[in-house]
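Chemist:
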Amino acid sequence: MKVLMFGWEFPPIKSGGLGTACKDLTKGLSNNDVEVTFVMPYVPEEVNDEHVKLVGTNRLSKDVKVKTVNTILTPYQTTSSYGEAKHSIPLGGTSQRDVYGKDIFNEVERYAELAKHIAESEEYDIIHVHDWMTYKAGMIAKEISGKPLVAHIHATEFDRTGGNPNQFISQREYDGMMAADLVIANSNFTKENVIKAYDIDPDKIEVVHWGIDEDNPHYNLQFDKESAFKKNGEKIVLFLGRVTLQKGPDYFVETARKVKDHVPEAKFVVAGNGDKLPSMIERCAELGLSNDMMFAGFLQGADVHKAFQMADLYVMPSVSEPFGLVALESLKNNTPVLLSNQSGVSEVVSHALKNDFWDTNGMADKIISALNYPALMEDLKTNSFEESKKFNLDTPAKKTIEVYNKALNSAWTSKVI
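The sequence shown runs contiguously to residue 876 in our numbering.
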């Protein structure tokens, strides 16, 4: 089976979990004899992957009149941050007007038009698109080829904005899922949100939970865990993710203040960037946490795993978390987790602390118990690490192939009828 897959991120080019998820999925599919051509806006000449054919719109042949040399879109970018990023990319002698759209929406249309040329030249049996910015590209590829389309929804616009969606983006999500033969949601939580927000037929939505790459060498790092972050018996509570409304950083700060009152040796580390970072830092100062809350910025590669392995507990206080792949990475690094009940990953992880994101008293109580009672912490570590072994790349890949076959059979049946 050959798959034409459209996405925005693929490691090492990524801004969050979507890139990692795409790479892991393509590796799992490759291990199950599925050939994947992964199309993304920009692929540096030196970047390649043994499991997938990477195609960037910047690598289109010279006979294509419209082409781009770079793109500055990320899956969760806002209209304002697009404008800021556009002016931060050096373009040499090429004008910005020639290379980039005026705004994020023009850039999405631009990518879809460029993707059309790839859809016309590649061989494939099925089309797979990841999140709203690739949906139009997939719709065009389906129109050109007549091949079935699978739309993967990693997060809805309602998840990202706390229920205040950009109408263009929500319309694109709706159009893409309506045009798709089948939709893949990464959790039952996401499936229910899609049905509620867009009234998509439940029978059209298949749930495929994520797994993790067990072969990642970073899970066995050897380094000094008693570093500057952790000394004199300090206990580390970690927040790792985008610092945005969706991820609940405000609730993390409020919870931290309550924990600190009962566990003086507790320290808190925030790893990530986002538009809520300035207000988060300001709130820490107001609550007297400036010396106890450390901001590490955006981490990648081995640094992510070092952060997990230094931490005593990872907290994911997300307001609306479609899945939460980072929680599985924490478990694999033998670091227990406190999960928001409003998350997809809480459906598949049993050995974890869980709480509603808005209940900062409840979250604080659970963190205090974990930090103050070694027997509880050891029990969590032992059982959650053992549970982490069931998460792999093969299971989601096989389920995705089942979705492909269902879409192919449905398309064949409709043609016969």
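All C-beta atoms in this analysis are idealised placements derived from N, C-alpha and C, irrespective of residue type, glycine included.
Is it buried or exposed for ILE876, if we count other Cβ within 10 angstroms and need 16 for buried?
Modeler: With a pLDDT of 41 at ILE876, under the threshold of 50, the modelled position of this residue cannot be trusted; read the value that follows with caution. Looking at its Cβ environment, which holds fewer than 16 other Cβ atoms inside 10 Å, ILE876 is exposed.
Chemist: Enumerated in chain order, which unbroken segments of the alpha helix (DSSP H) with a length of 4 residues or greater are wholly contained in the segment 582-627?
Modeler: Runs found: 591-604, 616-620.
Chemist: Let me know the beta strand (DSSP E) ranges lying completely inside the segment 715-785, each 3 residues or longer, listed in chain order.
Modeler: Here the runs fully enclosed are 725-730, 752-754, 772-775.
Chemist: Do TYR710 and THR819 have their C-beta atoms within less than 7 Å of each other?
Modeler: Taking 7 Å as the Cβ cut-off, TYR710 and THR819 qualify as a contacting pair.
Chemist: For ASP522, which residues from the same chain have a beta carbon less than 8 Å from its beta carbon, with the 5 sequence-adjacent residues on both sides left out?
Modeler: The predicted model places ASP522 with a pLDDT of 36, which falls under 50 and marks its position as unreliable, so this point remains unresolved.
Chemist: Could you check how far apart the C-beta atoms of ASP734 and THR714 are, in whole angstroms? I think they sit under 8 Å.
Modeler: Not really, about 20 Å apart at Cβ, beyond 8 Å.
Chemist: What residue does the alpha helix (DSSP H) around PHE844 start on, and which one ends it?
Modeler: Start and end: 833-847.
Chemist: Name the DSSP beta bridge partners of ALA644, please?
Modeler: Beta-bridge pairing links ALA644 to ILE612, VAL666.
Chemist: Measuring only from the beta carbon, is LEU748 closer than 6 Å to any heavy atom that is part of the ligand PLP?
Modeler: With respect to the ligand PLP, the structure shown offers nothing to examine, as it has no ligands at all.
Chemist: Closest by CA to ASN565, which one among LYS595, ILE585, ILE577?
Modeler: Minimum Cα distance to ASN565 is reached at LYS595.
Chemist: How many angstroms separate the CA atom of LYS849 from the CA atom of PHE497?
Modeler: Straight-line Cα distance between these residues: approximately 27 Å.
Chemist: Going by alpha carbons, who is nearest to HIS589 out of GLY466, LEU790, ASN625?
Modeler: Among GLY466, LEU790, ASN625, the Cα nearest to that of HIS589 belongs to GLY466.
Chemist: What span of residues does the alpha helix (DSSP H) with ASN814 cover, start to end?
Modeler: Careful: ASN814 lies outside any alpha helix (DSSP H), inside the beta strand (DSSP E) at 812-814.
Chemist: Mark GLY551 as exposed unless 16 or more other C-beta atoms lie within 10 angstroms of its C-beta, in which case mark it buried.
Modeler: Residue confidence for GLY551 is low, a pLDDT of 38 falling below 50, so the modelled location carries little weight; the figure read from the coordinates is stated next. With fewer than 16 other Cβ atoms within 10 Å, it is exposed.
Chemist: Where does GLY692 land, buried or exposed, given buried means 16+ other C-beta within 10 angstroms?
Modeler: Per the 10 Å Cβ criterion, exposed.
Chemist: First and last residue of the beta strand (DSSP E) that includes LEU797?
Modeler: 796-799 is the span of the beta strand (DSSP E), which, as asked, contains LEU797.
Chemist: Would you call GLN626 buried or exposed, if buried means 16 or more other Cβ atoms sit within 10 Å of its Cβ?
Modeler: Per the 10 Å Cβ criterion, exposed.
Chemist: Can you find at least 3 beta carbon pairs, one from the segment 671-680 and one from the segment 796-811, that sit closer than 8 Å?
Modeler: They do not touch, by the three-pair rule.
Chemist: Helix, strand or coil: which one does DSSP assign to VAL495?
Modeler: DSSP places VAL495 in strand when its eight states are reduced to three.
Chemist: Can you confirm whether the segment 799-806 touches the segment 646-661 when touching is taken to mean that 3 or more C-beta pairs between the two stretches lie within less than 8 Å?
Modeler: Segments in contact, yes.
Chemist: Give every residue of the same chain whose Cβ lies closer than 7 Å to the Cβ of PHE469, excluding the five residues on either side of it in the sequence, and list them in chain order.
Modeler: Contacts found: GLY478, CYS481, LYS482, PHE497, MET499, LEU513.
Chemist: So is TYR832 buried or exposed if we call it buried at 16+ other beta carbons inside 10 Å?
Modeler: Exposed, by the Cβ-count rule.
Chemist: Express the C-alpha separation of ALA656 and VAL862 in angstroms, rounding to a whole number.
Modeler: The straight-line gap from Cα to Cα measures roughly 23 Å.
Chemist: Buried or exposed for GLU837, please, with buried defined as at least 16 other CB atoms from any protein chain shown within 10 angstroms of its CB.
Modeler: GLU837 should be labelled exposed.
Chemist: With a 10 Å radius around its C-beta and 16 neighbouring C-beta atoms as the bar for buried, classify GLY707 as buried or exposed.
Modeler: It counts as buried.
Chemist: To the nearest angstrom, how far is the alpha carbon of VAL724 from that of LEU797?
Modeler: Note on identity: in this sequence residue 724 is Glu, with Val being the wrong assignment. Each residue's alpha carbon lies about 19 Å from the other.
Chemist: Does the beta-carbon distance from ALA755 to VAL728 come in below 7 Å?
Modeler: For ALA755 and VAL728, yes; Cβs fall inside 7 Å.
Chemist: Do you know whose CA, among ILE577, GLU581, SER580, THR593, lies nearest GLU568's CA?
Modeler: Per the Cα distances, THR593.
Chemist: Could you please give me the residues that DSSP links to MET636 through a beta bridge?
Modeler: Paired residues: none, contrary to the question.
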